[in-house]
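Accompanying notes for the structure given below.
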Amino acid sequence: MVELEEAKKAELNREFVNFINAKKKAVGRLQEQHERDLEAAMKKAAEDEAKHLRQLEADVKAQLKMRRKSYNRPKSMAGFSGSGSPYNDPHGSNQPELDQLYKRLQSDSTKQFQLWRYGGLCRRHDLQVRMLSTSFIIIIIIIIIIINP
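full-length UniProt numbering numbers the first residue of the sequence shown as 1 and each following residue consecutively.
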């Protein structure tokens with residue numbers, strides 16, 4: 001009778017240990033999946049940030065190029081000596097205006113990028129908080145499983 005009880009206890013202990021190990025493996029897989037998701041989200045955010053920055057820089061260059069052409073274009077071809085090409089004097093009297101324009105465009109671009117990046121950082125923070133809360137829940141589940149057989 002005692003041997004039968006001991007055998008039953010040993011079997012129950014093995015089943016319990018197997019159950020706990022299976023749950024630990026499942027939780028480990030969930031944690032790994034969360035880490036992969038977080039890494040993928042952070043990588044995508046970095047790629048989006050780089051893409052957005054390149055787009056802003058391209059927009060600034062295009063605006064500056066357009067404005068430079070319009071500033072260098074003569075109002076009238078009459079009265080000019082030579083070919084009358086707007087490119088004969090690239091450092092003409094409007095260079096300070098172009099410098100101011102460039103600084104303003106860069107400032108606007110920087111401001112837009114910083115606002116966009118702040119939004120991205122807020123989203124990233126929210127994602128990390130959700131992941132952390134999920135991890136805490138998983139840890140609590142493990143503790144409950146271990147404590148309450």
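The C-beta atom is built at its ideal place from N, Cα and C for all residues, glycine as well.
Kindly list the residues whose CB is nearer than 8 Å to the CB of residue i, restricted to its own chain and excluding five residues on each side of it in sequence; keep chain order.
| i | result |
| --- | --- |
| Leu127 | Leu38, Ala41 |
| Phe113 | His52, Leu53, Leu56 |
| His34 | Met131, Thr134, Ser135 |
| Ala10 | none |
| Lys24 | Ile142 |
| Arg67 | Leu98, Leu101 |
So what does DSSP say about residue i, is it helix, strand or coil?
| i | result |
| --- | --- |
| Met1 | coil |
| Gly84 | At Gly84 the pLDDT is 49, less than 50, meaning the model places this residue with poor confidence and gives no usable figure here. |
| Asn148 | coil |
| Glu6 | helix |
| His91 | A caution first: His91 carries a pLDDT of 49, below 50, which makes its placement in the model unreliable, though a value can still be read off. Coil, per DSSP. |
Please return the same chain residues whose Cβ sits closer than 7 Å to the Cβ of residue i, not counting the five positions on each side in sequence.
| i | result |
| --- | --- |
| Leu30 | Ile138 |
| Glu49 | Arg117, Gly120 |
| Val60 | Leu105, Gln106, Ser109 |
| Asn13 | none |
| residue 150 | It is not possible to answer for residue 150, since the shown part of the chain is limited to 1 through 149. |
Since residue i contacts residue j with CB under 8 Å, what's their CB separation in whole angstroms?
| i | j | result |
| --- | --- | --- |
| Ile142 | Val17 | With a Cβ gap of about 14 Å, Ile142 and Val17 do not count as contacting. |
Output needed for residue i: all residues of its chain with C-beta closer than 6 Å, excluding positions within five of it in sequence on either side, in chain order.
| i | result |
| --- | --- |
| Asn88 | No answer about Asn88 holds up, because its pLDDT of 48 lies below 50 and its placement is not dependable. |
| Lys65 | none |
| His125 | none |
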